[in-house]
Structures are given as structure tokens and as C-alpha cells.
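In the order they appear, the protein sequences are chains A and B. Start counting the first sequence at 393; every next residue gets the next number (the numbering used here). Start counting the second sequence at 468; every next residue gets the next number (the numbering used here). I have placed the structure first, in the form of C-alpha cells, so that the comments after it can refer back to it.
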Amino acid sequence: MNALALEGVSIAYGHTQVVHDVSFSVASGESFALVGESGSGKSTVLKAIAALATGWSGSIEVAGKPRSREHDRQFARQCQMVFQDPYGSLHPRKSIDTILAEPLQVHGLGNRNSRILDMLDAVGLDKRYRFRFPHQLSGGQRQRVAIARALMLEPSIMLLDEPTSALDVSVQAEILNLLKRLRVEQNLTYLMVSHNLPVVGFMCERMAVMQYGRIVEICDTTALRTGEFASEYTKELYEASGGAGC
Amino acid sequence: MAMLELENLRVSFPSAEGPVDVVKGISLSLGRERLGIVGESGSGKSLTGRAILKLINRPGIMRADRLEFEGIDLLSRSERQMRHLRGARLSMVMQDPKFSLHPVMRVGDQIAEALRCHERLRRRDVKARVIAMLEKVRINDPEAVARLYPHQISGGMGQRVMIAMMLIPKPDLLIADEPTSALDVSVQATVLDLIDSLVTDNGMGLMLISHDLHLVARYCDRILVMNAGEVVEECAAGQLLQATHPYTQGLLAAVPQMVEDRDALPVIDRSRWSGT
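Structure, rendered in C-alpha cells:
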């Protein structure tokens, strides 16, 4: 079954159309990547799925059900998003405990104490960080908190918007390992946006390459080994990333 | 003769438990070459770059046994005298064009300001130099771009504008602090090729500060690897893959490869080193 299916989706901010006629589907349990330069509309697609960009037409289906344009509690239980910048996506005046408890509160879920402790453990954060504030944590630790927050409602689909581009290579490795392990443990579906091809090769099975708001190619990430791509643009992107020698 | 000589540089910040050394005694000498400084965040690489320009603000304190640039002792220079050197002879490209450009000043005026501070020129000449410089950093239609505000241009263009601004007084040494980490891969290559060609053509010295080992290896002649305020390894760029220090090897292994067979990426065991 498809966890996500987009058919002929066009997205506009006001009068400016930024994404044109995008169609792809992500199977349940799959890890799929959207690749492209900044301004290619890859993050906008995620925002439309998460109802953060409402000016879209076409059809978006999440777990077989059409996605409405409004915020939807049931949707939030199924699908959560992790943002690019861990310095901007956590409330600066709320403790880690409050940040993680909030989704539980909104959805009226009990057993909060043990859920938070389990989740901190799952993302590899020590218990002593529970009552700290975001500014007391490093970038990598903050991104762990953001991932923990997204997982609090036990969703089946995760939207990852460049989850490691604000981090150092060494911290990036830790977060990528964490995401990979969580996917196996909790049977998650990933839709990841990235401009880093090696990261995509490490994390994902298939990828869609976007340029100027359109998908130019959908291929398996095994193509990254050989560099055999159908479109010229993907080849250019591949060369700019250093090709197979990188 | 080396252009820049730095001996036993220390930068410390006060904390509740007394002063903390963030840079712990770094010595380096730089000729007209391309030197790369690599390390994780918190390793003190950016502070080293800033210290060379004496841009460490209070409460930070910098000390060094020697800091000489082309025979000029920078340590004894007053703030006023430093201002004559900064920009004109020593220049620094900052990380993010979004925060480093003046938001309500036209791009062309900002570049012109860098020039006017150091040279007396007629208005017409200033304008011609600005346009010529924008052309040099490969901006199409420089006349139009010079009239734009920073929010109207893209990140890659903003970074090129910053480079134009830093290079227009023709400095001898360019310190580039993560000049491309805010940019896309495809733009990254263009910006670095540009810095590279300008450095080689003008015979400048370049200090490239970055956390990306492969990028530094591609654009520099020599590499210093920093960890917790100390230089742990120095090697020629071509020999990076033969690096011997476990920290450098750890950093290298943590980068995902295009041809990736590993199930998990090796993670640096931080407990083996102090700091960070």
C-alpha cells in the first residue's frame, strides 16, 4: 500500500506558482527523497503535505485517504515533520520536557512521564537533558529533540526537511544513523528533502529530482553508484557533488 | 618569507569556573598559498580566523606570542590602526550572506563603501570599479544587481556580492570562514572556483575555514585539522586520505560516500578527546 500518493499537484504562494504538476508515490515502509537546488520547490511539496502551504491543487493521499487543506488531528497522528534548522524549530523558552509533552497534551494521551523517558532513550538523549532548555543543548542534541517530538505521537510517516544540513559532518553521521535505526525499529516511512546526494544514497531507496518546480526524474538511488541518469540536469547535479569519486 | 606569522595564539572566554581556553596555543605561518582549516563546530577554527584580524570582542581575550603580517606587528596596533589594515590588506568573507549584508543598503553602495573607506576616488571611478568587480564575480547584468537590496537576491548571489566586497580593495590575504556552507552544492562549486581563480590570479593568500574535509582538500594546498582548540594534524591536501590522527580519520569516515555500502556511519568517540 502507498503511504503517500501525490497526483498532479501544483502549489502556489499567492499568485506565484512554485510547483508544477508533481506526481509520485511512496510505498509504506519506503524511504523516498526529493532532491534539487534551493528554489526547486522540494520543501514546498513537504509543506503542502503537512498543510503548511495551502494553495495547492491536484490530489494528495496520505495512507489511502485524501488530505484535507486544514489542520487535521487524525493526520497529525499519522504524519509528522522534522525541520531543517534545530536552532529555529524548538521553542526557546520551553524545556525539553514541555516540548515533548505538548503533542501528548493536544491529543489527550496519558502516561506522559514514561512516554517521554522512553522517547529520550530511543533518540539517544540522556535523562538529565529532560528539564533543560534548547539553548543548553548542542545542534545535534537539538535535532534529536526535534526528532523525538515528531515521534511522540507514534506516526507512521515522517517528513524530513534537510534534517542534517545545519549540522557538522560528524554530528550528521550520528543523526543519519539514528534516523536509519528508528526507521527499522518503528517501521516508519520517510519522505526526505535534501540537496546532498551522498546522504540521499545512504538513507533512501528511491529519489525524485526536482528543478524549477517540476520533477525531472524519478530513479533508484543505486544509480548514484554508476552515475547513469536519464536527465541532463541530474547528471550535472551529480557532477557538482563530486561524482562517484566523492 | 611568510606573509603571516602566528605563534602560540590563545583565545579565552570567562565562565563561572574561570576562564576557558577555546583556542589553545596555535602557531602557523602562511605564505601566498591556500591553507585549509578543518574541524567540527566548537573546535576554535572560526575564532582563529577572527583573531588574526583582531576581531575577538569582549569578554573574549586573545593572547599570542607573535602575530605578524608582512612584517607588521599586529599585536601592538591600536584599533584605529587595525581598521586601516582590515579590508584593505586582510579581508574576511563571513558565513552567511543573509546576516552579513546590510539589509537596507543597496548592494552596489555596500561594495562602494568598502572601496571608499580605503581609497580616495571620484564617484564615477568608484561606480566603474564596483560594476567591474561584480562582473568579475560573474554576476549577469551588474548594473541592475548593484541597485538591488540584499533580500532581493539569492543566497549564491549574496555570497558573490560579499566576495566582491572583500576583494575590491585588493587585499593580500583572504580569510574565508565557511564561505559556502549556506549554499547549494551546485552554487558551492561556482563560488569556490571563483575564489580560487581570484586568489591565483592576484597572487593572494587564502585561508579557507570549513567543516567539509573533501571540499577543503579540493581547494587548498595545505590542511590543518583542529579539535578542541588545538591543531591535531597538518598535511598536504593530496595526502588527506593518508591522515594518521584518529580524529581526522574519524571525520573522514563520517562522511557518507556516493558509493555507500556501510549500514551505519562510524561515529567519532568524543570521550577520547577533551573538549567539544
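Glycine is no exception: its CB is placed at the ideal position from the N, C-alpha and C atoms. Values in this document were obtained by computation on a predicted structure and should not be read as measured data.
Checklist entry - Does the beta-carbon distance from I642(B) to M671(B) come in below 8 Å? => result Stepping through the second sequence from its first residue, residue 642(B) is reached at position 175. Stepping through the second sequence from its first residue, residue 671(B) is reached at position 204. For I642(B) and M671(B), no; Cβs fall outside 8 Å.
Checklist entry - Can we say the region 559-570 of chain B touches the region 624-643 of chain B, given the rule of at least three CB pairs closer than 8 Å? => result Yes, since at least three Cβ pairs between the region 559-570 of chain B and the region 624-643 of chain B fall closer than 8 Å, the two stretches touch.
Checklist entry - E620(A): buried (16+ other C-beta within 10 angstroms of its C-beta) or exposed? => result By one-based count along the first sequence, residue 620(A) stands at place 228. Answer is exposed; the Cβ neighbour count stays below 16.
Checklist entry - So, do the region 519-532 of chain A and the region 481-488 of chain A have three or more beta carbon pairs nearer to each other than 8 Å? => result Touching, yes, given that three or more Cβ pairs across the two stretches are closer than 8 Å.
Checklist entry - Using the rule of at least 16 other Cβ atoms within 10 Å of the residue's Cβ for burial, across every protein chain shown, is M633(B) buried or exposed? => result Position 166 of the second sequence, counted from the first residue, corresponds to residue 633(B). Counting Cβ neighbours within 10 Å, M633(B) comes out buried, since at least 16 surround it.
Item to check | Cβ-based neighbour list, R541(A), same chain, cut-off 7 Å, excluding 5 preceding and 5 following | outcome: By 1-based counting over the first sequence, the position of residue 541(A) is 149. Correct list, in chain order: I491, L492, P495.
Checklist entry - According to the neighbour-count rule (16 or more other Cβ atoms, all chains shown, within 10 Å of its Cβ), is V571(B) buried or exposed? => result Locating residue 571(B) in the second sequence gives position 104, counting from the first residue. Exposed, since its Cβ has fewer than 16 Cβ neighbours within 10 Å.
Checklist entry - Run through DSSP, which three-state label would N579(A) get? => result The sequence position of residue 579(A) within the first sequence is 187, counting from 1. Looking at N579(A) - three-state DSSP - the assignment turns out to be coil, as it is neither helix nor strand.
Checklist entry - If you drop the 5 nearest sequence neighbours on each side, which residues of the same chain put their C-beta closer than 8 Å to that of Y616(B)? => result Numbered from 1 along the second sequence, position 149 holds the residue referred to as residue 616(B). Hits under 8 Å: P570, V571, M572, R573, V574.
Checklist entry - R617(A) touches chain B at which residues, Cβ-Cβ below 8 Å? => result Walking along the first sequence from the start, residue 617(A) turns up at place 225. Residues of chain B passing the Cβ test: M725, V726.
Item to check | For R573(A) and N579(A), the rounded distance between their alpha carbons | outcome: Position 187 of the first sequence, counted from the first residue, corresponds to residue 579(A). Position 181 of the first sequence, counted from the first residue, corresponds to residue 573(A). Spanning the alpha carbons of N579(A) and R573(A) requires a straight line of approximately 10 Å.
Next on the checklist: Please tell me whether D477(A) has its Cβ less than 8 Å away from any Cβ of chain B.
Outcome noted: Walking along the first sequence from the start, residue 477(A) turns up at place 85. Output row for D477(A): interface = no.
Next on the checklist: Can you give me the C-alpha to C-alpha distance between A468(A) and L543(A), rounded to a whole angstrom?
Outcome noted: If you number the first sequence from 1, residue 468(A) lands on position 76. If you number the first sequence from 1, residue 543(A) lands on position 151. Whole-angstrom Cα-Cα distance: 11 Å.
Checklist entry - Counting only runs that start and end within the region 559-630 of chain A, where is the beta strand (DSSP E) found for 3 or more residues in a row? => result Listed in chain order, they are 581-586, 598-603, 606-612.
Checklist entry - In chain order, what residues of the region 647-675 of chain B put their CB closer than 7 Å to some CB of chain A? => result For the region 647-675 of chain B, the residues whose beta carbon sits under 7 Å from a beta carbon of chain A are, in order, D651, V652, S653, A656.
Checklist entry - Which chain A residues are close to V489(B), counting only those with a beta carbon under 7 Å from its beta carbon? => result Here residue 489(B) refers to the residue found at position 22 when the second sequence is read from its first residue. The contact set of V489(B) on chain A, defined by CB atoms closer than 7 Å, is empty, because the minimum CB distance reaches about 15 Å.
Next on the checklist: List, in chain order, every chain A residue whose beta-carbon is nearer than 9 Å to that of S677(B).
Outcome noted: By 1-based counting over the second sequence, the position of residue 677(B) is 210. Using a Cβ-Cβ cut-off of 9 Å, S677(B) is close to nothing in chain A; its nearest Cβ partner there is about 10 Å away.
Checklist entry - Buried or exposed: which applies to T436(A), given that a residue is buried once 16 or more other Cβ atoms fall within 10 Å of its Cβ? => result Here residue 436(A) is taken as the residue at index 44 of the first sequence, counted from 1. Counting Cβ neighbours within 10 Å, T436(A) comes out buried, since at least 16 surround it.
Next on the checklist: Along the region 478-507 of chain B, where does the CB come closer than 7 Å to a CB of chain A? Name the residues.
Outcome noted: Correct list: E507.
Next on the checklist: So with CB distances below 8 Å, who are the chain A contacts of A710(B)?
Outcome noted: The residue you call residue 710(B) lines up with position 243 of the second sequence. In chain A, no part has a C-beta under 8 Å from the C-beta of A710(B); the shortest such distance is about 14 Å.
Item to check | Proximity below 8 Å, CB of A425(A) to CB of M599(A) | outcome: Here residue 425(A) is taken as the residue at index 33 of the first sequence, counted from 1. Here residue 599(A) is taken as the residue at index 207 of the first sequence, counted from 1. The Cβ-Cβ distance between A425(A) and M599(A) falls below 8 Å.
Checklist entry - Shortest alpha-carbon distance to A469(B) belongs to which of L495(B), V478(B), Q577(B), F480(B)? => result As a working mapping, residue 469(B) is identified with position 2 in the second sequence. Taking A469(B) as reference, the option from L495(B), V478(B), Q577(B), F480(B) with the minimal CA-CA separation is L495(B).
Next on the checklist: Helix, strand or coil for K486(A)? Go by DSSP, reduced to three states.
Outcome noted: As a first step, residue 486(A) is located in the first sequence; it is residue number 94 there, counting from the start. Residue state, collapsed to three classes: coil.
Checklist entry - Among the residues of its own chain, which have a CB less than 6 Å from the CB of S508(B), if the five just before and after it don't count? => result Taking the second sequence and counting its residues from 1, one reaches residue 508(B) at position 41. Closer than 6 Å at Cβ, skipping near neighbours: no residue.
Item to check | 8 Å Cβ cut-off: residues of chain A touching G717(B) | outcome: Along the second sequence, one-based indexing puts residue 717(B) at 250. Result: S562.
Next on the checklist: Tell me which residue opens and which closes the alpha helix (DSSP H) that Q548(B) is part of.
Outcome noted: As a working note, residue 548(B) is residue 81 in the second sequence. Residue range 546-552 is occupied by the alpha helix (DSSP H) that includes Q548(B).
Checklist entry - In terms of residues, what are the limits of the beta strand (DSSP E) holding Y686(B)? => result By one-based count along the second sequence, residue 686(B) stands at place 219. From DSSP, Y686(B) is part of no beta strand (DSSP E) but of the alpha helix (DSSP H) over 680-686.
Checklist entry - Which value, in whole angstroms, describes the spacing of the CA atoms of G527(B) and L552(A)? => result The count along the second sequence starts at 1 and reaches residue 527(B) at position 60. The count along the first sequence starts at 1 and reaches residue 552(A) at position 160. Spanning the two alpha carbons is a distance of roughly 38 Å.
Next on the checklist: For K434(A), which residues in the same chain have their Cβ closer than 6 Å to its Cβ, ignoring the five residues on either side in sequence?
Outcome noted: By 1-based counting over the first sequence, the position of residue 434(A) is 42. If we look at K434(A) and ignore the five residues flanking it on each side, its Cβ neighbours are L426, G428, V585, M602.
Checklist entry - Between the C-alpha atoms of M693(B) and S543(B), what's the straight-line distance to the nearest angstrom? => result The count along the second sequence starts at 1 and reaches residue 693(B) at position 226. The count along the second sequence starts at 1 and reaches residue 543(B) at position 76. The straight-line gap separating the alpha-carbon atoms of M693(B) and S543(B) is approximately 27 Å.
Item to check | Beta-carbon spacing of A558(A), Q472(A) below 8 Å | outcome: Translated into the one-based positions of the first sequence, residue 558(A) becomes position 166. Translated into the one-based positions of the first sequence, residue 472(A) becomes position 80. Taking 8 Å as the cut-off, the Cβ atoms of A558(A) and Q472(A) do not count as close.
Next on the checklist: Distance check for L541(B) and M549(B), CA to CA, integer angstroms please.
Outcome noted: In the second sequence, counting from the first residue as 1, residue 549(B) sits at position 82. In the second sequence, counting from the first residue as 1, residue 541(B) sits at position 74. Rounded to the nearest angstrom, the two C-alpha atoms are 8 Å apart.
Checklist entry - What did DSSP end up calling D518(A) once you bin it into helix, strand or coil? => result Mapped onto the first sequence, residue 518(A) falls at position 126. Note: D518(A) maps to coil in three-state DSSP.
Checklist entry - For the candidate residues I539(A), F594(A), V608(A), K627(A), whose alpha-carbon lies nearest to that of L482(A)? => result As a working mapping, residue 482(A) is identified with position 90 in the first sequence. With distances taken between Cα atoms, L482(A) lies closest to I539(A).
Checklist entry - Can you name the residues of chain B whose CB is closer than 8 Å to the CB of S633(A)? => result In the first sequence, residue 633(A) corresponds to position 241, counting from 1. V652, M725, listed in chain order.
Checklist entry - Closer than 8 Å, CB to CB, is L371(A) near chain B or not? => result For residue 371(A) there is no data in the structure shown, the boundaries of chain A being 393 and 638.
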